[in-house]
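This report concerns only the one structure given below.
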Amino acid sequence: MRLFFALSFDSATKKRITPFRDWVIKEADKGQFTRDANYHLTLEFLGEISDEKVPALIEIIHQLGPAPAELRVNRIDAFEKRNKQILWLGIEHNHPLMTLQTQLIQRLQQAGFETQDRPYRPHITLGRRIVLNKPLDAFQFADFTIPVRAIALIESRPEDDQVIYEAKLDSDV
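Numbering of the sequence shown is given in our numbering, commencing with residue 3 and proceeding in unit increments.
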């Protein structure tokens, strides 16, 4: 199963994120857009993990320090990938978040799991393979704060032409 660690949000927070995704839908010629239920902030993507390794991952969640109670969203931005974009909401530098993510990476490596070898850029994905019909800086953005609900181990699986995320474990903040 495909797994990742993430910070999850309550339904009110997801509703607050949706207008930004809706703007992307309105201003895009094409793309794959994040479903409301799937908003999260990835801490580490693991990829394909066998069932027998899941208990070790659950144990790692229990060993982690606390997640930040809230995050400040400070921009809408994009990663470029083959003439298309991954659009996302960026998170203002947050020391407790960075400490948590570093701690997670260390625990995963100590337990023998492979981790991604790239700088961590915390964000909430709004859509993938986006082709916008106007510049991204045309969007008027005002910073806002969102609460964090839990640290979660999430399974990602395709179903009926969409991606379904199912929490294997939530550790409330």
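We treat Cβ as the ideally placed atom computed from N, Cα and C, and that holds for glycine.
Remember, it's a predicted structure, so these values are computed and weren't measured experimentally.
{"Query": "Beta bridge counterpart(s) of V75 as assigned by DSSP", "Result": "I93, F146"}
{"Query": "For L73 and Q164, the rounded distance between their alpha carbons", "Result": "28 Å"}
{"Query": "Contact under 9 Å by Cβ, L110 with L9", "Result": "no"}
{"Query": "Cα-Cα separation between F143 and A39, rounded to whole angstroms", "Result": "23 Å"}
{"Query": "Host beta strand (DSSP E) of E161 (start-end)", "Result": "152-161"}
{"Query": "Residue burial classification, V75 (beta-carbon count within 10 angstroms, cutoff 16)", "Result": "buried"}
{"Query": "Option nearest T20 by Cα separation, candidates F7, L59, L155, L128", "Result": "L128"}
{"Query": "Spatial distance of A113 from A69 (CA atoms)", "Result": "21 Å"}
{"Query": "Which residues DSSP lists as bridging G49, in chain order", "Result": "L5"}
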